[in-house]
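All you need for the working numbering is the position in the sequence shown, starting with 1, plus 183. Notes follow the structure.
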Amino acid sequence: MYKVLVADDEPLMIEGWKTMVDWQGCGYELCGTATDGEEAIAAIRACPPDLVMTDIRMPVLDGLGLIRAMKEELGLTAKTVIVSGYSEFGYAQEALRYQVDHYLLKPLVPEEVHKVLRELAGPLAERRRAEAAAGAERDAAAAEAVVAALRHGGPAALEAAGRLLGATERTRCRLLLAETLAGSGSPGGAAHVRLRRLLEAAFPEGLRAVAFAEAPGRCGVLVLDEREAGASFEARLAETAARLQDALDGLAVYASERGQGLAVLPALHGQALEARRRALLGRRAGLHPYRRGRTPDGDCRLPDVAACTERLLRAVEAGDEAAVRAALDPLFGLFAGAGAKDDWARLAACHIRGELLRRFADGAGAADDASGEAPEISALLPADGADGADGAAWSREAIEALCVRAAASFAARRSARDCGGAVAEAVAYLNGHFREKVLLQELAERFRLSPVYFGQQFKKATGYPFHDYVHRLRIDEARKLLRRTDMKMSAIASALGYHDTDYFTGKFKAFTGELPSAYKNKTKGESHADR
184 MYKVLVADDE
194 PLMIEGWKTM
204 VDWQGCGYEL
214 CGTATDGEEA
224 IAAIRACPPD
234 LVMTDIRMPV
244 LDGLGLIRAM
254 KEELGLTAKT
264 VIVSGYSEFG
274 YAQEALRYQV
284 DHYLLKPLVP
294 EEVHKVLREL
304 AGPLAERRRA
314 EAAAGAERDA
324 AAAEAVVAAL
334 RHGGPAALEA
344 AGRLLGATER
354 TRCRLLLAET
364 LAGSGSPGGA
374 AHVRLRRLLE
384 AAFPEGLRAV
394 AFAEAPGRCG
404 VLVLDEREAG
414 ASFEARLAET
424 AARLQDALDG
434 LAVYASERGQ
444 GLAVLPALHG
454 QALEARRRAL
464 LGRRAGLHPY
474 RRGRTPDGDC
484 RLPDVAACTE
494 RLLRAVEAGD
504 EAAVRAALDP
514 LFGLFAGAGA
524 KDDWARLAAC
534 HIRGELLRRF
544 ADGAGAADDA
554 SGEAPEISAL
564 LPADGADGAD
574 GAAWSREAIE
584 ALCVRAAASF
594 AARRSARDCG
604 GAVAEAVAYL
614 NGHFREKVLL
624 QELAERFRLS
634 PVYFGQQFKK
644 ATGYPFHDYV
654 HRLRIDEARK
664 LLRRTDMKMS
674 AIASALGYHD
684 TDYFTGKFKA
694 FTGELPSAYK
704 NKTKGESHAD
714 R
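This is the structure in structure tokens:
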């Protein structure tokens with residue numbers, strides 16, 4: 184759709200433009216109207232149109248003045264059409280010197296307007312293609328300049344990037360890096376697509392930003408002149424990432440601090456990479472902002488720590504307490520050997536705690552309410568990143584107690600009721616009680632399972648979400664009653680547990696594609712055969 188602004192000082196003409204012209208049918212959208220040239224200028228600033236159609240004679244600023252201001256002051260390349268009465272035709276011809284694209288004579292004739300709109304659609308489409316191509320070239324050049332500035336960081340590279348981006352030594356900068364974590368299993372698309380989706384959702388008003396490929400599998404965005412204060416920028420980004428976690432599952436974003444001038448780009452890049460390095464042990468998606476302060480020292484190799492930690496977690500999931508204790512020896516041996524026991528143990532404990540909570544959720548949502556295992560696991564260690572926490576919380580004894588307790592819970596859960604049997608029992612129960620009010624929460628509690636996990640397994644086994652399955656049973660019974668009885672719609676709805684006839688009607692149509700009354704009329708001839 185091409186956006187159109189119409190300027191005319193006659194109210195009847197404005198009404199005619201709104202009602203007599205088939206804008207959408209010609210591929211246009213009337214985005215605004217104005218009663219004089221100055222009002223039109225304000226509208227153009229607020230929403231730049233692709234086409235401006237203006238009367239010649241208007242108060243304050245006439246049509247020619249409007250076109251002149253568009254071209255010379257605003258630099259707008261929109262197509263222009265002037266509208267004139269017969270007595271003003273010579274005046275209209277004068278406007279052609281301002282490269283007006285077309286003219287129309289009053290009174291308006293819809294067919295003539297439509298003809299002009301169709302004639303201008305081709306040039307507008309060509310201009311859009313040219314602008315898109317030029318924009319893509321500019322974006323590619325900007326991305327290349329940013330990458331060169333990050334890799335080399337020399338005065339020449341930074342100066343070239345500054346010229347291309349229009350950045351000065353006062354320009355505020357922030358660097359974001361993003362990647363999709365291995366094993367996330369998310370179908371949400373490449374990292375750069377998902378990062379763009381995150382930024383568009385967090386800042387719908389738009390950002391001045393340059394996207395670039397930072398490394399294989401990793402992308403980046405240089406944010407320029409952000410409007411938000413530093414903390415507010417991070418807060419909006421984190422809140423949006425949490426809100427869109429299903430769509431962005433597996434996307435990790437590493438954010439630098441905010442700097443000033445492109446000369447700080449190499450330092451900001453280092454901060455983002457440092458935030459990534461600190462986050463890798465936890466392998467958690469979401470936003471990871473750089474924080475100044477003490478970092479883990481020593482010469483521990485991250486892959487070695489990750490391998491030992493994974494071995495420990497597998498022992499926990501197996502419910503093998505002896506293997507848990509054995510797996511702790513090489514892990515803490517790494518910490519002690521590097522002289523970095525406290526800091527690395529703190530990071531490892533945060534990772535282990537987070538993984539256990541995640542795997543508890545994946546395995547059964549939450550532990551048995553009666554046992555209280557999940558709350559104890561959650562409370563055993565401080566939250567990630569807690570400063571000044573008691574060092575004993577990161578000790579081998581504390582981590583061992585956590586893992587042994589979790590291993591016992593996994594072992595107990597494995598011997599509990601098989602969830603497949605629970606789903607089968609639930610299906611049998613629903614087949615006999617679907618007319619009643621049945622809640623997922625109550626059935627899950629009956630089988631001592633978390634509602635989330637039970638709902639997931641129910642859908643996996645039946646192919647339907649829990650509530651959809653109940654509605655299908657009710658709608659199937661409704662079909663029988665409509666075919667075989669003369670019950671009123673309200674009576675059928677009530678008999679099937681629907682206390683609102685309209686709600687029942689809506690559900691019936693959603694599952695069958697037709698209203699109950701239409702279904703009853705269609706099956707009248709079949710009713711006797713069914714009896």
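Every residue gets a Cβ at the ideal spot worked out from N, C-alpha and C, and that includes glycine. As the structure is a prediction and not an experimental result, all values here were calculated from the model.
Other residues of its chain near Leu725: CB distance less than 6 Å, five sequence neighbours each side excluded: There is no way to answer for residue 725, as the model of the chain reaches only from 184 to 714.
Buried or exposed by the 16-neighbour rule on C-beta atoms within 10 Å, applied to Gly403: Counting from one through the sequence shown, the residue named residue 403 turns up at place 220. Buried, since its Cβ has 16 or more Cβ neighbours within 10 Å.
Between the CA atoms of Arg666 and Lys707 - distance to the nearest angstrom: Residue numbering aside, residue 707 sits at position 524 when the sequence shown is read from its first letter. Residue numbering aside, residue 666 sits at position 483 when the sequence shown is read from its first letter. Taking the straight line joining both Cα atoms gives about 7 Å.
Closest Cα partner of His335 within the set Leu445, Arg401, Ser439 and Val189: Walking along the sequence shown from the start, residue 335 turns up at place 152. Here the closest residue by C-alpha is Leu445.
Other residues of its chain near Asp192: CB distance less than 8 Å, five sequence neighbours each side excluded: The residue you call residue 192 lines up with position 9 of the sequence shown. Thr218, Asp219, Asp238, Arg240, Met241 and Pro242.
Inter-residue spacing [alpha-carbon to alpha-carbon] between Leu420 and Ala590: What you label residue 420 is simply residue 237 of the sequence shown in a count that begins at 1. What you label residue 590 is simply residue 407 of the sequence shown in a count that begins at 1. Cα to Cα, Leu420 sits roughly 36 Å from Ala590.
Ala344 beta carbon less than 8 Å from that of Val361: The residue labelled residue 361 in the question sits at position 178 within the sequence shown. The residue labelled residue 344 in the question sits at position 161 within the sequence shown. Looking at the sequence itself, residue 361 is Ala, so the reference to Val does not match. Contact: no.
Under 8 Å between C-beta atoms of Phe386 and Ala326: Here residue 386 refers to the residue found at position 203 of the sequence shown. Here residue 326 refers to the residue found at position 143 of the sequence shown. Taking 8 Å as the Cβ cut-off, Phe386 and Ala326 do not qualify as a contacting pair.
Alpha-carbon spacing of Arg588 relative to Leu623, whole angstroms: Here residue 588 refers to the residue found at position 405 when the sequence shown is read from its first residue. Here residue 623 refers to the residue found at position 440 when the sequence shown is read from its first residue. Whole-angstrom Cα-Cα distance: 29 Å.
Cβ pair Tyr286, Ile250 closer than 8 Å: Locating residue 286 in the sequence shown gives position 103, counting from the first residue. Locating residue 250 in the sequence shown gives position 67, counting from the first residue. No, Cβ-Cβ distance for Tyr286 and Ile250 is not below 8 Å.
Cβ shell of Pro194 (< 6 Å), same chain only, five flanking positions each side left out: Here the question's residue 194 lines up with position 11 in the sequence shown. Same-chain partners within the cutoff: there are none.
Proximal residues to Leu456 (C-beta, below 8 Å), its chain only, five neighbours per side dropped: For this step, residue 456 is matched to residue 273 along the sequence shown. Taken in chain order, the residues that qualify are Leu360 and Tyr437.
Ile582 - partner residues in DSSP beta bridges: Here residue 582 corresponds to residue number 399 of the sequence shown, with the count starting at 1. None, per the DSSP bridge assignment.
Simplified DSSP assignment, three categories, for His471: Indexing the sequence shown from 1 puts residue 471 at position 288. His471 sits in a strand when the DSSP states are folded into three classes.
Alpha-carbon spacing of Ala374 relative to Leu431, whole angstroms: Residue numbering aside, residue 374 sits at position 191 when the sequence shown is read from its first letter. Residue numbering aside, residue 431 sits at position 248 when the sequence shown is read from its first letter. Approximately 9 Å, taken between the alpha carbons.
Integer Cβ distance of Val393 from Leu348, believed to fall under 8 Å: As a first step, residue 393 must be located in the sequence shown, where it is residue number 210. As a first step, residue 348 must be located in the sequence shown, where it is residue number 165. Contact flag correct, Cβ pair sits at about 7 Å.
8 Å CB neighbourhood of Thr695 in its chain, flanking five on each side removed: Position 512 of the sequence shown, counted from the first residue, corresponds to residue 695. Closer than 8 Å at the Cβ level, and outside the excluded window around Thr695, lie Ile658, Arg662 and Tyr702.
Spatially closest choice to Ser439 from Leu585, Ala304 and Arg461, by CA coordinates: For the purposes of this step, residue 439 is taken as residue 256 along the sequence shown, with counting starting at 1. Ranking Leu585, Ala304 and Arg461 by Cα distance to Ser439 puts Arg461 first.
Whole-angstrom distance between Asn614 and Ile675, CA atom to CA atom: For the purposes of this step, residue 675 is taken as residue 492 along the sequence shown, with counting starting at 1. For the purposes of this step, residue 614 is taken as residue 431 along the sequence shown, with counting starting at 1. Ile675 and Asn614: Cα-Cα distance of roughly 17 Å.
Sub-8 Å separation of Phe630 and Phe641 beta-carbons: For the purposes of this step, residue 630 is taken as residue 447 along the sequence shown, with counting starting at 1. For the purposes of this step, residue 641 is taken as residue 458 along the sequence shown, with counting starting at 1. Result no, Cβ atoms of Phe630 and Phe641 do not sit closer than 8 Å.
Distance, Thr351 Cα to Met203 Cα: Against the sequence shown, residue 203 aligns to sequence position 20. Against the sequence shown, residue 351 aligns to sequence position 168. Cα to Cα, the separation comes out at about 50 Å.
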